[in-house]
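K.L.:
Using the working numbering, you'd call the opening residue of the sequence shown number 2 and step up by one each time. Glycine is no exception: its CB is placed at the ideal position from the N, C-alpha and C atoms. The structure displayed is predicted, hence computed values, not measured ones.
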Amino acid sequence: MDTAILDHQTLVVRCRSRLQSGQATIRDRFLDEGDAPRLLRERCHLVDEVLCDLWHGLELPRSLSLVAVGGYGRGELYPASDVDILLLLPEPPDDVLTAQLERAIALVYDIGLEVAPSVRTVAECSHAAADDLTIQTALLEARLLAGSRATFQEVCAELKENLNPQVFFEAKQIEQEERHRRFQDSPFSLEPNCKEAPGGLRDLQTILWIARAAGYGDSWEDLAQHGFITGEEEAQLKRNLGFLQRLRTRLHLHVGRREDRLLFDYQTALAQQLGFEPTATRRASERLMQAYYRTAKEVTQINTILLLNIGAAISPPPDLLPEAISERFQNTHDLLDVVDEEIFRKHPGALLEAFLLMQQHPELQGMTARTLRAVWRARTLIDDVFRRDPDNRRRFLEILKQPRGVLHEIRRMNQFGLLGRYLPNFGRIVGQMQHDLFHVYTVDQHTLQVLRNLRRFLAEEFAHEYPLCSELISDFPRCWVLYVAALFHDIGKGRGGDHSEKGAVDAAQFCAEHGVDAEDSELIVWLVRRHLLMSTVAQKQDISDPDVVCAFAGMVHDERHLSALYLFTVADIRGTSPKVWNTWKGQLLEQLFRSTCRTLLAGGQAPVRQGLIEERQQQALRLLRYFALPDSVHQRLWKQLDTVYFLRHSAEEIAWHTRALHYRTGVDKPVVKARVNPQGEGLEVMIYTRDQRDLFARLVGFFARAGYTIVDAKIHTTRHGYALDSFMLLDLSDRGSDRTMISYVEHELTARLSRQSPPEAPGSGRISRQVRHFPIQPLITIEPDEKGSHYVLSVSAADRPGLLYTIAMTLAAHGANLHTAKISTLGERVEDTFLISGGDLGEAASRIKLETELLERLKV
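#1: Provide the residue(s) that pair with K674 in DSSP beta bridges, ordered along the chain.
#2: Just to confirm, is the Cβ distance from F703 to A714 under 8 Å?
#3: So what's H9 in DSSP terms, helix, strand or just coil?
#4: Determine the direct distance from the alpha carbon of D521 to that of T644, and round the result to whole angstroms.
#5: Could you tell me which of D335, W377, Q366 sits nearest to L353, measuring between CA atoms?
#6: For H334, count neighbouring C-beta atoms within 10 Å of its own C-beta (all shown protein chains included) and say buried if the count is 16 or more, exposed if not.
#7: Following the continuous alpha helix (DSSP H) through Q268, name the residue where it begins and the one where it ends.
#8: Could you give the DSSP three-state label for T138: helix, strand or coil?
#9: Keeping to the same chain, check which residues put their C-beta closer than 8 Å to that of H663; ignore five residues upstream and five downstream.
#10: Do K675 and V686 have their C-beta atoms closer together than 8 Å?
#11: Using 10 angstroms around the beta-carbon of Q154, count the other beta-carbons present and answer buried if the total reaches 16, otherwise exposed.
#12: On the three-state DSSP scale, how would you describe D392?
#13: If L375 and E328 are in contact, beta carbons under 8 Å, what's the gap, nearest whole angstrom?
#14: Start and end of the beta strand (DSSP E) containing V339?
#15: So, is A519 buried or exposed, given that buried needs 16 or more other C-beta atoms within 10 angstroms?
#16: How many Å lie between M2 and S64 at the Cα?
#17: Does M2 come out as helix, strand or coil in the three-state DSSP assignment?
#18: Cutting at 8 Å between CB atoms, please list the residues of its own chain near R877, excluding the five before and the five after it.
#19: Tell me the DSSP bridge mates of G726?
#20: With 8 Å set as the bound, which would you pick, yes or no: does the beta-carbon of Q403 sit closer than that to a beta-carbon of chain B?
#21: Can you give me the start and stop residues for the alpha helix (DSSP H) that A314 sits inside?
#22: So what's I544 in DSSP terms, helix, strand or just coil?
#23: Does DSSP classify N194 as helix, strand or coil?
#24: Helix, strand or coil: how does DSSP classify I344 here?
#25: Thinking C-alpha only, which one of R388, C551, K173 is nearest L309?
#26: Could you check where the alpha helix (DSSP H) with L754 kicks off and where it finishes?
#27: Around the Cβ of Y745, are there at least 16 other Cβ atoms within 10 angstroms (buried) or fewer (exposed)?
#28: With a 10 Å radius around its C-beta and 16 neighbouring C-beta atoms as the bar for buried, classify S596 as buried or exposed.
#29: Using the three-state DSSP reduction, which class does F417 fall into: helix, strand or coil?
#30: Between which two residues does the alpha helix (DSSP H) containing G46 stretch?
#31: Would you say Y646 and Y689 are within 8 Å of each other, going by their C-beta atoms?
#32: Identify the continuous alpha helix (DSSP H) that holds A260 and give its terminal residues.
#33: What are the start and end residues of the alpha helix (DSSP H) that includes L602?
#34: For G148, which residues does DSSP report across the bridge?
#35: Return the CA-CA distance between D83 and L812, expressed in angstroms with no decimal places.
#36: Return the chain-ordered ranges of every alpha helix (DSSP H) run that is complete within the segment 349-388 and spans a minimum of 4 residues.
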């Protein structure tokens with residue numbers, strides 16, 4: 002064997018052994034002491050030594066340079082981070098040198114380092130840096146490890162000569178904005194990325210990159226010396242950085258690979274490792290995440306202030322005289338500026354005045370850095386005395402009443418800690434997680450999402466999204482009452498008990514203290530207390546039943562309460578998660594709203610059922626005439642249907658069924674018809690067949706295997722023993738192919754029903770991570786309806802593949818007949834309601850047995 006190869010093998014073995022033993026020592030020391038900055042430095046130093054040893058053993062040309070770049074160049078190497086290295090050449094390599102370099106990189110991998118290597122000449126580095134912001138940034142932190150200092154310094158000189166601080170600053174700002182948008186501009190997702198998300202490590206690194214490019218140093222101490230931050234802010238930055246470094250280091254070690262997302266899978270273990278203990282009301286993981294959110298919030302605050310300060314220093318604005326706005330504030334380059342940095346300490350009420358002025362002066366594009374810093378420092382001035390001041394109470398209410406800027410200024414107040422200081426109970430929900438498996442934001446961020454949605458209804462450019470909401474809110478007197486209700490609707494979470502009741506108490510106190518009149522106070526408190534009412538009725542009760550609508554109308558009292566609740570419900574559901582809202586829920590809510598409007602106009606009285614049925618039948622017949630069908634087309638089918646059918650189906654649905662079945666009402670072959678939902682997304686499927694055992698389970702299994710979830714089911718049995726069932730289906734995989742699936746559903750389901758095949762269970766699939774880590778104990782209730790002839794089965798459980806099929810088979814085993822099914826999926830949780838009868842449900846012992854079996858089978 003070639004002597005050089007033997008030497009290289011020996012070198013690799015030596016370097017690998019040194020790397021492994023060194024990393025084990027560093028890891029063990031960290032686990033004992035918890036000093037993350039020390040681990041980052043020591044791992045970096047260890048890799049320096051190993052790479053230099055390897056480099057010297059390869060005998061490469063002396064004109065080459067081995068350079069550390071990126072995070073490695075900065076001197077920070079997390080346990081699973083890539084090692085970014087640059088092999089720098091003075092000139093393009095020949096074939097011999099190319100082979101040597103390829104061998105060198107292979108040996109680096111052989112010693113066990115996860116490297117991100119690049120090979121460039123000095124000229125290539127200059128060209129690449131000019132075109133690529135990432136390369137320019139990496140070279141900013143370049144550090145010579147071994148080889149030619151002259152070659153390395155040539156690259157540094159080229160970079161310095163060609164680097165334009167103003168262009169770099171603007172590019173980095175755009176890059177940060179784009180990165181933040183990938184994370185919905187919020188650090189408050191329930192599984193945040195501690196490196197890339199807003200408030201993560203990258204936001205701190207961005208500040209130092211810009212400072213270095215502008216010549217203001219490369220550390221927080223340097224920024225303090227240049228006057229960009231105070232000593233207090235420097236200490237705060239270091240605390241925040243230390244927390245994020247410890248968290249990311251623990252995350253890498255716990256997962257055993259590079260992972261920057263704080264997934265549910267890891268949160269509990271990380272909380273234990275970082276010393277967070279559970280309390281009577283909160284898990285250790287919740288306490289960890291609240292600490293993370295508070296840190297991320299402070300990082301976003303200081304990032305905003307520092308970038309404004311550094312940007313102004315890099316490119317000073319024109320020397321124009323400020324324009325006076327008020328006694329305490331002025332317009333400086335279209336930014337709100339304090340006349341005196343101590344103004345808030347002298348006049349604490351000016352804190353709220355600043356946000357009010359931002360709304361009242363549309364020419365203002367933001368606040369100056371010194372104003373933001375002064376606001377941040379003065380937040381602790383908001384105490385009981387401040388909150389009791391009548392002028393401050395008036396200003397706060399005025400902020401909510403302004404025609405523009407409500408969302409922006411409330412968000413800014415929350416970002417800089419003022420909102421939680423002014424409303425102390427709101428401060429308690431800042432960064433509070435929600436493990437109900439359908440919210441994807443912390444409580445405070447969800448609240449601001451609801452406020453955003455309400456404000457969005459008012460914007461003309463978004464009127465096409467929710468036309469009814471836009472119409473209602475444009476005519477709604479004093480919209481600000483909705484915003485107050487939004488701030489308080491979830492403020493009671495995390496305190497135990499019914500959060501709606503606790504929020505109503507807080508809202509009532511707020512209204513009393515702020516002089517809100519009796520009418521508006523009553524509406525605000527009612528909205529907070531009943532904000533879940535409309536979604537519960539729409540998704541769990543039979544809203545085609547006039548008695549249900551009449552009872553709901555009695556609870557909402559009048560049209561103003563109804564409009565407020567409808568607007569609030571849409572905004573609330575839309576503010577939980579992008580997955581929770583769908584057009585079917587929108588249809589249900591709008592149907593309930595319009596039905597209730599008609600009931601209120603009729604004096605709150607339910608329409609006479611027979612009159613309602615006759616009206617619906619006449620509407621259906623008018624629709625049938627468009628298809629040139631004889632006037633008697635409906636008779637054979639309708640004489641087999643009871644009044645419940647006509648109450649539960651719209652005139653349009655009745656006409657569709659009649660058109661499909663008018664000549665097939667007595668045939669033995671099943672009839673299956675499908676169509677795209679006329680009101681929106683999904684498929685509507687009608688099945689007409691002789692009633693048969695386990696029919697519902699058969700249908701549920703088929704739809705699940707076809708990739709659909711059932712959101713609504715109406716089950717009927719005709720007088721002559723036929724099942725006439727209707728299903729509303731949504732595509733689980735969002736294939737966008739509903740129309741192409743129509744023929745498949747009609748053909749395949751007809752064939753299976755004709756063969757009377759036994760029920761086929763859908764695939765088991767995988768349970769989501771959220772359900773695994775935050776399991777929900779299923780809740781089952783079976784209660785008689787008002788007439789005592791049927792029973793309402795309510796199921797609340799974690800969603801999982803085949804859940805509805807399991808329920809259907811359990812009901813079939815007990816001989817229960819299903820009449821309607823209301824299927825509501827809230828993220829990873831389902832809340833389903835079934836109207837059932839038959840079997841031995843009349844006996845309490847049998848109902849208890851059914852409940853027990855369902856509980857057992859629905860456990861995850």
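P.N.:
Inspection of the coordinates gives the following:
#1: Position 673 of the sequence shown, counting from 1, holds the residue named residue 674. Answer by DSSP bridge pairing, in chain order: M687.
#2: As a position in the sequence shown, residue 703 is number 702, starting the count at 1. As a position in the sequence shown, residue 714 is number 713, starting the count at 1. For the pair F703 and A714, the CB atoms are not nearer than the 8 Å cut-off.
#3: Looking up residue 9 in the sequence shown gives position 8. Three-state DSSP puts H9 in a helix.
#4: The residue you call residue 644 lines up with position 643 of the sequence shown. The residue you call residue 521 lines up with position 520 of the sequence shown. Taking the straight line from one Cα to the other gives about 42 Å.
#5: Indexing the sequence shown from 1 puts residue 353 at position 352. Among D335, W377, Q366, the Cα nearest to that of L353 is on W377.
#6: Numbered from its first residue, the sequence shown carries residue 334 at position 333. Looking at its Cβ environment, which holds fewer than 16 other Cβ atoms inside 10 Å, H334 is exposed.
#7: Residue numbering aside, residue 268 sits at position 267 when the sequence shown is read from its first letter. Segment 265-274, the alpha helix (DSSP H) holding Q268.
#8: For the purposes of this step, residue 138 is taken as residue 137 along the sequence shown, with counting starting at 1. Helix.
#9: Counting from one through the sequence shown, the residue named residue 663 turns up at place 662. Taken in chain order, the residues that qualify are L630, V634, H635, R637, L638.
#10: Translated into positions along the sequence shown, residue 675 becomes position 674. Translated into positions along the sequence shown, residue 686 becomes position 685. Checking the sequence, you will find Ala at residue 675 rather than Lys. Cβ atoms of A675 and V686: closer than 8 Å.
#11: Position 153 of the sequence shown, counted from the first residue, corresponds to residue 154. The residue is exposed, with fewer than 16 neighbouring Cβ atoms inside 10 Å.
#12: Walking along the sequence shown from the start, residue 392 turns up at place 391. Three-state DSSP puts D392 in a helix.
#13: For the purposes of this step, residue 375 is identified with residue 374 of the sequence shown, where counting begins at 1. For the purposes of this step, residue 328 is identified with residue 327 of the sequence shown, where counting begins at 1. The question names Leu, yet the displayed sequence has Ala at residue 375. The C-beta separation of A375 from E328 comes to about 16 Å, leaving the pair out of contact by the 8 Å criterion.
#14: In the sequence shown, residue 339 corresponds to position 338, counting from 1. Note, V339: beta strand (DSSP E), 336-339.
#15: Within the sequence shown, residue 519 is the residue found at index 518, counting from 1. Classification of A519: exposed, given that the 10 Å Cβ count is below 16.
#16: Start at 1 with the first residue of the sequence shown, and residue 2 comes out as number 1. Start at 1 with the first residue of the sequence shown, and residue 64 comes out as number 63. With a pLDDT of only 43 at M2, under 50, the local geometry of the prediction cannot be trusted, and no value is derived from it.
#17: The residue given as residue 2 occupies position 1 in the sequence shown. The predicted position of M2 is uncertain, since its pLDDT is 43 and thus under 50; a value taken from the coordinates is nonetheless stated next. Here M2 carries a coil assignment [DSSP, helix/strand/coil].
#18: Missing from the structure shown is residue 877; the chain here goes from 2 to 861 and no further.
#19: Position 725 of the sequence shown holds residue 726. First, the residue type needs correcting, since residue 726 is Asp and not Gly in the sequence shown. D726 pairs with I688, I716.
#20: As a matter of chain content, chain B is missing from the structure shown, which is built from one protein chain.
#21: For this step, residue 314 is matched to residue 313 along the sequence shown. It spans 285-315 - the alpha helix (DSSP H) in which A314 sits, taken as one unbroken run.
#22: As a first step, residue 544 is located in the sequence shown; it is residue number 543 there, counting from the start. Three-state result, I544: coil.
#23: Numbered from its first residue, the sequence shown carries residue 194 at position 193. Here N194 sits in strand by DSSP.
#24: In the sequence shown, the residue the question calls residue 344 occupies position 343. In this structure, I344 counts as helix in the three-state DSSP scheme.
#25: Taking the sequence shown and counting its residues from 1, the one referred to as residue 309 is at position 308. Comparing Cα-Cα distances from L309 to each of R388, C551, K173, the minimum goes to K173.
#26: The sequence position of residue 754 within the sequence shown is 753, counting from 1. 739-756 is the span of the alpha helix (DSSP H), which, as asked, contains L754.
#27: As a working note, residue 745 is residue 744 in the sequence shown. Y745 counts as exposed, since fewer than 16 other beta carbons sit within 10 angstroms of its beta carbon.
#28: Position 595 of the sequence shown, counted from the start, is the residue given in the question as residue 596. Buried.
#29: Indexing the sequence shown from 1 puts residue 417 at position 416. Under the three-state reduction of DSSP output, F417 falls in the coil class, being neither helix nor strand.
#30: As a position in the sequence shown, residue 46 is number 45, starting the count at 1. For the record, residue 46 in the displayed sequence is His; it is not Gly. If you look at H46, you'll find it in the alpha helix (DSSP H) that goes 37-59.
#31: Working through the sequence shown from its first residue, we reach residue 646 at position 645. Working through the sequence shown from its first residue, we reach residue 689 at position 688. With contacts defined by Cβ atoms closer than 8 Å, Y646 and Y689 do not form a contacting pair.
#32: For the purposes of this step, residue 260 is taken as the residue at position 259 of the sequence shown. In the sequence on display, residue 260 carries Glu and not Ala. Per DSSP, E260 belongs to no alpha helix (DSSP H) and is neither H nor E.
#33: By 1-based counting over the sequence shown, the position of residue 602 is 601. Counted as a single uninterrupted DSSP element, the alpha helix (DSSP H) harbouring L602 occupies residues 584-602.
#34: Walking along the sequence shown from the start, residue 148 turns up at place 147. According to DSSP, residue pairing for G148 in a beta bridge involves S66.
#35: As a first step, residue 83 must be located in the sequence shown, where it is residue number 82. As a first step, residue 812 must be located in the sequence shown, where it is residue number 811. When rounded, the distance between both Cα atoms is 55 Å.
#36: Listed in chain order, they are 351-361, 370-379.
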